[in-house]
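Just so we're aligned: 90 in this note's numbering is position 110 of the sequence shown, and the numbers increase by one with no gaps anywhere.
Each remark here refers to the structure printed beneath this line.
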Amino acid sequence: MKRKLSLLLAAFAVSIGSTLCYAANEVYKVLDVRGSVIVNDNMIALAKGQTLKGSDVLLSDRLSIVKLSKETKALTLRVNGKHTVQELIDKIPNKYETAISVLQKSLKKAKKANVVYGVVTMANEFDNFELNENEAYVHCQEDTLGNLNVAFMRHGMEKPQMYTLDANAYIYLLKMAILSAQGYNYAYEAETSYIYQILWKPLEKFFKPGDTILISLPESLSVFDMNEIPLNSELKMSDVYVIYDMNATE
């Protein structure tokens, strides 16, 4: 009996070891680097176009963002300190499961209220938030009725303001987030993406081209790269604004 148990434990250990070894040898292509990241202590800065293995060690003395791709999947790593690529990948939350969970809750709540879409003044929300010239802050948060509240303020505004997306519009964004988490590009194709029209069109009159916009999205929508969201068939968000994802740089 003890011998059988020992053999089972040994087989299990070999299986775990094989899985870890396979993960360490996975190869990823670097899509973008925001910040300064060193690879394997060789003092060579990581750059777009390079490849990394799961066992490679990334080092940064401040929070930096590294975007990787593997087949149809895109991964965003937050590098601060010294970690292997695989350790950073393991820390990425499962946005697909999060989006599914929020979608299910929103579907249940959608029938409970009919919130009118509009822009209203929002008091005391950003009292301690300071903005420089040509900067704006946009904060998106789900309410208890399954709607998405978008609070925003631009430098020079006397008070923050807010508009509310009803549950149906929010559910559309969640569905698109789920597709994006599965690797589809519908959110970034002008013919199939209505994200700008739903989420950003109401803000156009408050912002100016060239503004720096700090964005905080709920985790269920954080799969979107807002820089790549199309305004129309010719322009995307990054062509008009400088976008910083507050969730990715905290």
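The beta carbon of each residue, even a glycine, is placed where N, CA and C say it ideally should be.
Quick caveat, the model's predicted, so the values are computed rather than measured.
Cβ contact annotation for L159 (same chain, cutoff 6 Å, sequence separation greater than five): Y166, in chain order. Under DSSP, the beta-bridge partners assigned to L194 are Y117 and Y224. Around the beta carbon of A147, 16 or more other beta carbons lie within 10 angstroms, which makes this residue buried.
By the C-beta criterion, the region 183 to 194 is judged not to be in contact with the region 13 to 27, since fewer than 3 inter-stretch pairs fall below 8 Å.
Short of 8 Å from the beta carbon of D36, and not among the five residues preceding or following it, lie these beta carbons of its own chain, in chain order: V19, N20, T64 and V65. In this structure, DSSP gives N148 a helical state, which the three-state scheme calls helix. In the structure shown, the three-state DSSP call for A161 is helix. Going by DSSP, D12 is part of the beta strand (DSSP E) stretching over V7 to R14.
DSSP places L68 in the uninterrupted alpha helix (DSSP H) bounded by V65 to D70. When only Cα atoms are considered, D70 and E138 end up about 43 Å apart. L48 is a Cβ neighbour of L11, given a cutoff of 8 Å. DSSP places D41 in the uninterrupted beta strand (DSSP E) bounded by V37 to K50.
About 7 Å separates the CB atoms of L179 and L153; that is less than 8 Å, so the two are in contact.
Beta-bridge annotation (DSSP): P210 is paired with K216. By the Cβ-count criterion, E122 is buried, with 16 or more other Cβ atoms from all chains shown falling within 10 Å of its own Cβ. A straight line joining the alpha-carbon of Y221 with that of E115 spans about 10 Å. Taking 8 Å as the upper bound for CB-CB distance, L38 and V59 are in contact here, some 5 Å apart.
Per DSSP, T31 is one residue of the beta strand (DSSP E) stretching across T31 to K33. K62 is bridged by DSSP to L39.
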